[in-house]
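*Asks:*
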């Protein structure tokens, strides 16, 4: 009788330990956490530390708070004077609103594909309006700032800052 009782108590302690362990999660200083309950967003934890969730009902998705890079492959662009140049572009972004980011992009890879395509489209549109001589002179800075400003206006839609 004592052996069975000890085995049952031991089993209960093990199960309670597993449940308690799955109820805790850690948000690091470089992360923000989005808590989902049955797939629906409940809250965003931006502060670092040990947090509690309902085990088996809620799950947590972590997003990086640091500055991230998006570097799509170089592309060939036709200028106004019908010259072809290879343009290698990149942006740096930070996820400000994990909830909005999750709604619009779902994953970081989806965001990279969507925003990378948008970056390429903006680069083609802006660079395609200038001549080669202008791209090699001071007008290049104006084109780059125009591209940056266009992307800065579109970034909050995804919960990011460019």
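In the working numbering, the protein residues as written are 159 to 320.
Every residue, glycine too, gets a C-beta built ideally from N, C-alpha and C.
The structure presented is a predicted model; accordingly, all values stated were derived computationally and were not measured.
Spell out the partners DSSP gives residue 221 in its beta bridges.
*Replies:* Walking along the chain shown from the start, residue 221 turns up at place 63. DSSP output for residue 221 lists 190 as bridge partner(s).
*Asks:* Taking residue 200 as the reference, give the member of 219, 206, 185, 182 with the closest Cα.
*Replies:* What you label residue 200 is simply residue 42 of the chain shown in a count that begins at 1. Nearest C-alpha to residue 200: 219.
*Asks:* Using 8 Å as the cut-off, can you tell me whether the region 233-253 makes contact with the region 203-213, which would need three or more C-beta pairs spanning the two stretches below that distance?
*Replies:* The region 233-253 makes no contact with the region 203-213; the number of CB pairs closer than 8 Å stays below 3.
*Asks:* Closer than 7 Å by C-beta to residue 227: which residues in its own chain qualify, once you throw out the five before and the five after it? Chain order, please.
*Replies:* Start at 1 with the first residue of the chain shown, and residue 227 comes out as number 69. Closer than 7 Å at the Cβ level, and outside the excluded window around residue 227, lie 248, 250.
*Asks:* So, with DSSP's three-state summary, where would you put residue 204?
*Replies:* The residue given as residue 204 occupies position 46 in the chain shown. Here residue 204 sits in coil by DSSP.
*Asks:* Determine the direct distance from the alpha carbon of residue 183 to that of residue 272, and round the result to whole angstroms.
*Replies:* Residue 272 sits at position 114 when you count from the first residue of the chain shown. Residue 183 sits at position 25 when you count from the first residue of the chain shown. Spanning the two alpha carbons is a distance of roughly 30 Å.
*Asks:* Could you tell me the distance, in whole angstroms, from the CA atom of residue 246 to the CA atom of residue 172?
*Replies:* Position 88 of the chain shown holds residue 246. Position 14 of the chain shown holds residue 172. The alpha-carbon atoms of residue 246 and residue 172 are separated by roughly 55 Å.
*Asks:* Between the alpha carbons of residue 266 and residue 298, how many angstroms are there, rounded?
*Replies:* Position 108 of the chain shown, counted from the start, is the residue given in the question as residue 266. Position 140 of the chain shown, counted from the start, is the residue given in the question as residue 298. Cα-Cα distance, rounded: 30 Å.
*Asks:* So, are the CB atoms of residue 318 and residue 254 less than 8 Å apart?
*Replies:* Locating residue 318 in the chain shown gives position 160, counting from the first residue. Locating residue 254 in the chain shown gives position 96, counting from the first residue. Their beta carbons are under 8 Å apart, which means residue 318 touches residue 254 by this criterion.
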